[in-house]
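Enquirer: Remember, my numbering sits 270 above the position in the sequence shown when you count from 1.
There's a structure below that I have some questions on.
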Amino acid sequence: QALGDLQALYALVGTPATAIDGEHWINAPDRPDTIAIARGKVYLIQFTAHWCAPCRNSYPGMKAVAARFAAAPFETIFVTQLYGTFEGRPATASEELADNQAYDITRLGIPFRIAINPGGNAQPASGTNEGRYKVMGIPQIVVIDKRGMIRQIVTGWDQGNTARLTALVESLVREPAM
């Protein structure tokens, strides 16, 4: 089963990216329900969670990549869900949303739009962001080119990812949108 799931994940490379849905948003003053993947723009989409240590370790690198391409047609979007807890204590949905906002913006200085959806599924349903992008572990970073095609998927984080993602985004922002 795990091998089949992994094959399905990497079979997404070279296919069109899907929109990102969000019941709640942080850093999105217009509070969209959906962000369509626009042609002519490169995206890094990271599936993340407030309790995930490797995710937290990725944030400085993700912010560095975003800062490097601030003037380019480029956007980073984070995607997460509600877990019913925050920092080890039970939390209602409204408490967790408020805690996430304070944590992401104030404590961590995350500048990206963050989609937050109800959670609770061990296996993501096919119609969810996690299901459409076949998320098996976090952080999972999906790199999308200017044609709206998935070009790379990275699961996990190490310090070399910042340089690798910077080089990939550099090449993708130089490509024509076609």
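All C-beta atoms, glycine included, are put in the ideal place defined by N, C-alpha and C.
Treat the numbers as computed from the prediction; the structure is a model and nothing was measured.
Contact defined as beta carbons within less than 8 Å: I believe residue 383 pairs with residue 327. What is the distance between those atoms, to the nearest angstrom?
Expert: If you number the sequence shown from 1, residue 383 lands on position 113. If you number the sequence shown from 1, residue 327 lands on position 57. So it is not a contact: roughly 21 Å between Cβ atoms.
Enquirer: Leaving out five residues before and five after residue 304 in sequence, what residues of the same chain have Cβ atoms less than 6 Å from its Cβ?
Expert: Counting from one through the sequence shown, the residue named residue 304 turns up at place 34. If we look at residue 304 and ignore the five residues flanking it on each side, its Cβ neighbours are 289, 291.
Enquirer: Closer than 6 Å by C-beta to residue 287: which residues in its own chain qualify, once you throw out the five before and the five after it? Chain order, please.
Expert: Working through the sequence shown from its first residue, we reach residue 287 at position 17. Excluding residues within five positions, the ones whose Cβ falls inside 6 Å are 307, 414, 418, 420.
Enquirer: Could you pull the start and end residues of the alpha helix (DSSP H) that residue 279 belongs to?
Expert: Locating residue 279 in the sequence shown gives position 9, counting from the first residue. 272 to 280 is the extent of the alpha helix (DSSP H) around residue 279.
Enquirer: Using DSSP with H/G/I as helix, E/B as strand and the rest coil, what is residue 283?
Expert: Residue numbering aside, residue 283 sits at position 13 when the sequence shown is read from its first letter. In this structure, residue 283 counts as coil in the three-state DSSP scheme.
Enquirer: Helix, strand or coil for residue 387 per DSSP?
Expert: The residue you call residue 387 lines up with position 117 of the sequence shown. Residue 387 falls in the strand class under three-state DSSP.
Enquirer: What is the residue span of the alpha helix (DSSP H) that residue 436 lies within?
Expert: Numbered from its first residue, the sequence shown carries residue 436 at position 166. Where residue 436 is concerned, the enclosing alpha helix (DSSP H) stretches over 431 to 444.
Enquirer: Specify the secondary structure class of residue 405 as computed by DSSP and reduced to three states.
Expert: By one-based count along the sequence shown, residue 405 stands at place 135. Correct three-state label for residue 405: coil.
Enquirer: Should residue 386 and residue 294 be called a contact, given that it needs their Cβ atoms to be closer than 8 Å?
Expert: As a position in the sequence shown, residue 386 is number 116, starting the count at 1. As a position in the sequence shown, residue 294 is number 24, starting the count at 1. For residue 386 and residue 294, yes; Cβs fall inside 8 Å.
Enquirer: Which of the three DSSP states, helix, strand or coil, is assigned to residue 359?
Expert: Stepping through the sequence shown from its first residue, residue 359 is reached at position 89. Strand at residue 359.
Enquirer: Near residue 353, which residues of its chain fall below 6 Å by C-beta distance, leaving aside the five closest residues on each side in sequence?
Expert: Taking the first residue of the sequence shown as position 1, residue 353 is located at position 83. For residue 353, where only same-chain residues beyond five positions count, the Cβ hits under 6 Å are 389.
Enquirer: Which full runs of the beta strand (DSSP E) of 3+ residues lie inside the region 302 to 382, going along the chain?
Expert: With a minimum length of 3 residues, the continuous beta strand (DSSP E) runs that stay inside the region 302 to 382 are 312 to 317, 344 to 351.
Enquirer: Return yes when the Cβ of residue 436 is within less than 8 Å of the Cβ of residue 407, no when it is not.
Expert: Within the sequence shown, the letter at position 137 stands for residue 407. Within the sequence shown, the letter at position 166 stands for residue 436. Not in contact: residue 407 and residue 436 (Cβ atoms no closer than 8 Å).
Enquirer: Of all the options 311, 282, 281, which has the alpha carbon lying nearest to the alpha carbon of residue 445?
Expert: As a first step, residue 445 is located in the sequence shown; it is residue number 175 there, counting from the start. The shortest Cα separation from residue 445 among 311, 282, 281 belongs to 311.
Enquirer: Using a 10 Å radius around the Cβ and a threshold of 16 neighbouring Cβ atoms, would you call residue 331 buried or exposed?
Expert: Along the sequence shown, one-based indexing puts residue 331 at 61. That one is buried.
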